[in-house]
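Asker:
What follows is the structure, given as structure tokens:
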């Protein structure tokens, strides 16, 4: 029997994760993090009540930890700062890295527990004393992309009970345990209002008094129009919809120039890239040589693509065999061998 | 349930078994509505009115000045909003303090959104309100001063009598939230110069969901609920008869307890032993609240370089019930506005724990804390970056 802290969000996945561990005979304690105060799509009181109700139902202890200050500093401020710099942040990745697992593992240590667990879809496999982060069995749900910033030493103390389950099986289990709660899948940016744009969020939540809005340019350097109802940072690389400009043909965002406050648009092919740099490398499987072939994903919902990786220090140069669409600065590039994560870094 | 070491009596108290048995008949055979004309109902009316007399005696008030409510929060709302709405011809300015319970602070914030002005008085490092600032803050259009009797978090007792005198000299209504004080200090509305007072039953071994609003004769307020003619037209709604009976019983028991000096001394001795024990066993501890002008049952300590949350979880694993910051429905803890108001920095405020005792507290409870808390602090500090930084 192990003693395990389980992060519970009030959703089906983390509830079933806790139930499975309890069922295996472990001592399970639920923890819900209070991250943000507003009634946005998650982190609200209702979710906390759901988590608490689920914990009651499972007959386990449950605590709410206040992480609002840390979340604001590490995630929300980073989110705003990134956009202003013209890069597209990935708050879930940062939240996992700096908030969720840090808090859970801290509780594990503080209370002499053995493990932290969450309802993420991923697998951790031990091999010769080393711990590998791998895709989940359910390939449509697998979340290792968002977990690739965990430190190798942390993997040893983490359990993902849902790694071997399909989502449909988890739902069935939840229903049979009578802990099923009908709610929308958690969205990508939990602290934003529904249908809110980054521009609107930043206007509401930052102390920047004057936001310079900038303008649209074509890739030849010609100005198309001023941006009126949002700002240059409201756009992301590869974006086609919602640009509000008429060019007579479909155009895509091919570059965001924060210094000049320009959103550059062009043909779809201009939004492809073959070679790019990543920084802040986190290596989960150390490689014998700094240069190697691997598969790389630059977006969560992208298929892994063949690439050549060349590591130098905490940076790497990645060259795709075929150019890939929208290699977006600020997003995470995750490097794989088969279904295991070698490491990840942020796209420059 | 596993054995519980209950040291959170400022949150709520165990209902006295005598209170429970006094209430029981009113859930069953004595279920009549006191407003009925038939004899059975008149019996219920008589019992409610006897309860009112008991409550009045508890506060040295006239029974006609006692309004039964659903508890402290409702009484506070009646005092603040009721006075504000009824006295707009005089003005729209209210004075209160920075360390009030949320039932006062958030009611004042609500009024601020609707055109009232509120002055929040500061306190010194012990939590005592600044009397000079109070005097300076009174204006022609000030309609109400509301200052809590004893603070729920740090236990500091305010100079209510003196504040009441100042209010009276300036012809300003004076309300005190005495929710924490009731059952811990003798309350005498006449001596204290108060016009309104809030009391809650469950803070002194009475039932939850029932409280008292003391309203001095002649004070002009509006009702917040419209309906029947209950409670002298001040609070519509059929009386919570079992609650009222239980509350009256709790008042009687508390009066006896408060005049029994041995009983009172026992609680203080346990509190002092707990506090001393913590200070002796744990370095870098600050005791919050006034050294003397403090409720005998309350001990609030800041254990520096760590967070209260972590300590509470450690203690909960051992069955100890205590609190940190202020409880809120989500169960997550924000730094207490009271601790910030007495000048603690964010970190120190986060590391605060409140133990509050009652007549049911035993030496075993105190021993358990002294056994569990010190090693928990050592463990938590060993992981705290602030502690490591400090010991460099």
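Chains as they are written, first to last, in my numbering: chain A, 131 to 478; chain B, 68 to 459. Positions of the beta carbon are idealized from the N, C-alpha and C atoms, including for glycine. Every value quoted in this text rests on a predicted model; they were computed, and no experiment measured them.
If the cut-off is 9 Å on Cβ atoms, which residues from the region 376-392 of chain B count as contacting chain A, listed in chain order?
Answerer: If the cut-off is 9 Å between Cβ atoms, the region 376-392 of chain B has 376, 377, 379, 380, 381, 383, 384, 392 near chain A.
Asker: So what does DSSP say about residue 405 (chain A), is it helix, strand or coil?
Answerer: The residue labelled residue 405 (chain A) in the question sits at position 275 within the first chain. Residue 405 (chain A) falls in the strand class under three-state DSSP.
Asker: Can you list, in chain order, the residues of its chain whose CB lies under 7 Å from that of residue 215 (chain A), leaving out five sequence neighbours each side?
Answerer: Walking along the first chain from the start, residue 215 (chain A) turns up at place 85. The residues are 388.
Asker: What residues in the region 353-378 of chain A bring their beta carbon closer than 9 Å to a beta carbon of chain B?
Answerer: Taking 9 Å as the Cβ-Cβ cut-off against chain B, none of the residues of the region 353-378 of chain A qualify.
Asker: Short of 6 Å in beta carbon distance, which residues of its chain neighbour residue 369 (chain A), apart from the five on each side in sequence? Order them along the chain.
Answerer: Here residue 369 (chain A) is taken as the residue at index 239 of the first chain, counted from 1. Correct list, in chain order: 383.
Asker: Name the DSSP bridge partner or partners of residue 163 (chain B)?
Answerer: Working through the second chain from its first residue, we reach residue 163 (chain B) at position 96. Paired residue(s): B:187.
Asker: Do you know how far the Cα of residue 329 (chain B) is from the Cα of residue 295 (chain B)?
Answerer: Within the second chain, residue 295 (chain B) is the residue found at index 228, counting from 1. Within the second chain, residue 329 (chain B) is the residue found at index 262, counting from 1. Using only the alpha carbons, I get a separation of about 46 Å.
Asker: With a cut-off of 8 Å on the beta carbons, I'd call residue 264 (chain A) and residue 252 (chain A) a contact; round off their distance for me.
Answerer: For the purposes of this step, residue 264 (chain A) is identified with residue 134 of the first chain, where counting begins at 1. For the purposes of this step, residue 252 (chain A) is identified with residue 122 of the first chain, where counting begins at 1. Right, their Cβ atoms sit about 7 Å apart.
Asker: Quick one: is residue 256 (chain A) near chain B, going by C-beta distance under 9 Å?
Answerer: Taking the first chain and counting its residues from 1, one reaches residue 256 (chain A) at position 126. Residue 256 (chain A) does not count as touching chain B.
Asker: Between the Cα of residue 184 (chain A) and those of A:443, A:207, A:158, spot the shortest distance and give me the residue it belongs to.
Answerer: Within the first chain, the letter at position 54 stands for residue 184 (chain A). Out of A:443, A:207, A:158, A:158 has the C-alpha closest to the C-alpha of residue 184 (chain A).
Asker: Should the region 410-419 of chain A be called in touch with the region 364-380 of chain A, which here means at least 3 C-beta pairs below 8 Å?
Answerer: Result no; under three Cβ-Cβ pairs closer than 8 Å.
Asker: Taking residue 239 (chain A) as the query, report the chain B residues whose CB atoms sit under 7 Å from its CB, ordered along the chain.
Answerer: Here residue 239 (chain A) refers to the residue found at position 109 of the first chain. The contacting residues are 450.
Asker: Grab the span of the beta strand (DSSP E) containing residue 473 (chain A) for me, first residue to last.
Answerer: In the first chain, counting from the first residue as 1, residue 473 (chain A) sits at position 343. It spans 470-477 - the beta strand (DSSP E) in which residue 473 (chain A) sits, taken as one unbroken run.
Asker: Alpha carbons only, please: which of B:207, B:229, B:202 is nearest the one belonging to residue 156 (chain B)?
Answerer: The residue you call residue 156 (chain B) lines up with position 89 of the second chain. Here the closest residue by C-alpha is B:207.
Asker: Examine chain B for any beta-carbon lying closer than 9 Å to the beta-carbon of residue 196 (chain A), and answer yes or no.
Answerer: As a first step, residue 196 (chain A) must be located in the first chain, where it is residue number 66. So, interface residue.
Asker: With a cut-off of 8 Å on the beta carbons, I'd call residue 208 (chain A) and residue 224 (chain A) a contact; round off their distance for me.
Answerer: Stepping through the first chain from its first residue, residue 208 (chain A) is reached at position 78. Stepping through the first chain from its first residue, residue 224 (chain A) is reached at position 94. Between residue 224 (chain A) and residue 208 (chain A) the Cβ distance is about 6 Å, and since that is below 8 Å, they are a contact.
Asker: Starting from residue 369 (chain A), follow its DSSP beta bridges and name the residues at the other end.
Answerer: Position 239 of the first chain, counting from 1, holds the residue named residue 369 (chain A). According to DSSP, residue 369 (chain A) bridges with nothing at all.
Asker: Closest Cβ-Cβ distance between residue 447 (chain B) and chain A: below 9 Å?
Answerer: Here residue 447 (chain B) refers to the residue found at position 380 of the second chain. Chain A contact via Cβ: present.
Asker: Starting from residue 143 (chain A), trace the alpha helix (DSSP H) both ways and give me its first and last residue.
Answerer: For the purposes of this step, residue 143 (chain A) is identified with residue 13 of the first chain, where counting begins at 1. From DSSP, the alpha helix (DSSP H) with residue 143 (chain A) extends over 142-153.
Asker: Span of the alpha helix (DSSP H) holding residue 174 (chain B)?
Answerer: Taking the second chain and counting its residues from 1, the one referred to as residue 174 (chain B) is at position 107. Here the alpha helix (DSSP H) through residue 174 (chain B) covers 169-180.
Asker: Where in the region 187-273 of chain A do unbroken runs of the alpha helix (DSSP H), each at least 4 residues long, occur, reported from the N-terminal end onward?
Answerer: Segments of the alpha helix (DSSP H) lying fully in the region 187-273 of chain A: 198-201, 207-214, 221-224, 231-240.
Asker: According to DSSP, simplified to helix, strand and coil, what is residue 318 (chain B)?
Answerer: Indexing the second chain from 1 puts residue 318 (chain B) at position 251. Three-state result, residue 318 (chain B): helix.
Asker: Closer than 9 Å, CB to CB, is residue 245 (chain A) near chain B or not?
Answerer: Taking the first chain and counting its residues from 1, the one referred to as residue 245 (chain A) is at position 115. Output row for residue 245 (chain A): interface = no.
Asker: Can you tell me the Cα-Cα spacing of residue 309 (chain A) and residue 179 (chain A), whole angstroms?
Answerer: One-based indexing of the first chain puts residue 309 (chain A) at position 179. One-based indexing of the first chain puts residue 179 (chain A) at position 49. The straight-line gap from Cα to Cα measures roughly 13 Å.
Asker: Name, going along the chain, the residues of the region 250-271 of chain B whose beta-carbon falls closer than 8 Å to a beta-carbon of chain A.
Answerer: Cβ contacts with chain A come from no residue of the region 250-271 of chain B.
Asker: Shortest alpha-carbon distance to residue 259 (chain A) belongs to which of A:201, A:283, A:342, A:198?
Answerer: Translated into positions along the first chain, residue 259 (chain A) becomes position 129. Minimum Cα distance to residue 259 (chain A) is reached at A:283.
Asker: Between the region 192-218 of chain A and chain B, which residues of the former have CB atoms less than 9 Å from a CB of the latter, in chain order?
Answerer: Answer set for the region 192-218 of chain A: 192, 193, 194, 195, 196, 197, 198, 199.
Asker: Quick one: what's got a C-beta closer than 8 Å to residue 396 (chain B)'s C-beta in the same chain, skipping five residues either side?
Answerer: Within the second chain, residue 396 (chain B) is the residue found at index 329, counting from 1. Note that residue 396 (chain B) scores 49 on pLDDT, short of 50, meaning its location in the model is unreliable and no value can be drawn from it.
Asker: Thinking residue 239 (chain B) and residue 198 (chain B) are a contact (beta carbons under 8 Å), I'd like their distance in whole angstroms, please.
Answerer: On the second chain, residue 239 (chain B) is found 172 positions in, with the first residue counted as 1. On the second chain, residue 198 (chain B) is found 131 positions in, with the first residue counted as 1. Rounded, the Cβ-Cβ distance is 14 Å, inconsistent with contact.
Asker: Strictly below 8 Å CB to CB, what residues from chain A border residue 401 (chain B)?
Answerer: Locating residue 401 (chain B) in the second chain gives position 334, where the first residue counts as 1. By Cβ distance, chain A contributes 196, 198.
Asker: Can you check the region 344-388 of chain A for any alpha helix (DSSP H) of at least 4 residues that lies completely inside it and give the ranges in chain order?
Answerer: Runs found: none.
Asker: Is the beta carbon of residue 344 (chain B) closer than 9 Å to that of residue 137 (chain B)?
Answerer: Position 70 of the second chain, counting from 1, holds the residue named residue 137 (chain B). Position 277 of the second chain, counting from 1, holds the residue named residue 344 (chain B). No, the pair does not count as a contact, with Cβ atoms beyond the cut-off.
Asker: Answer with yes or no whether the minimum CB distance from residue 273 (chain A) to chain B is below 9 Å.
Answerer: The residue given as residue 273 (chain A) occupies position 143 in the first chain. Residue 273 (chain A) does not count as touching chain B.
Asker: Out of A:447, A:392, A:434, A:398, state which residue places its alpha-carbon closest to the alpha-carbon of residue 351 (chain A).
Answerer: Sequence index remark: in the first chain, residue 351 (chain A) carries index 221 (1-based). Out of A:447, A:392, A:434, A:398, A:392 has the C-alpha closest to the C-alpha of residue 351 (chain A).
Asker: Please work out which residues of its chain come closer than 6 Å, Cβ to Cβ, to residue 128 (chain B), disregarding the five sequence neighbours upstream and downstream, and give them in chain order.
Answerer: Locating residue 128 (chain B) in the second chain gives position 61, where the first residue counts as 1. Excluding residues within five positions, the ones whose Cβ falls inside 6 Å are 256, 281.
Asker: Can you list, in chain order, the residues of its chain with a C-beta nearer than 6 Å to that of residue 405 (chain A)? Leave out the 5 residues immediately preceding and following it.
Answerer: Here residue 405 (chain A) refers to the residue found at position 275 of the first chain. Correct list, in chain order: 449.
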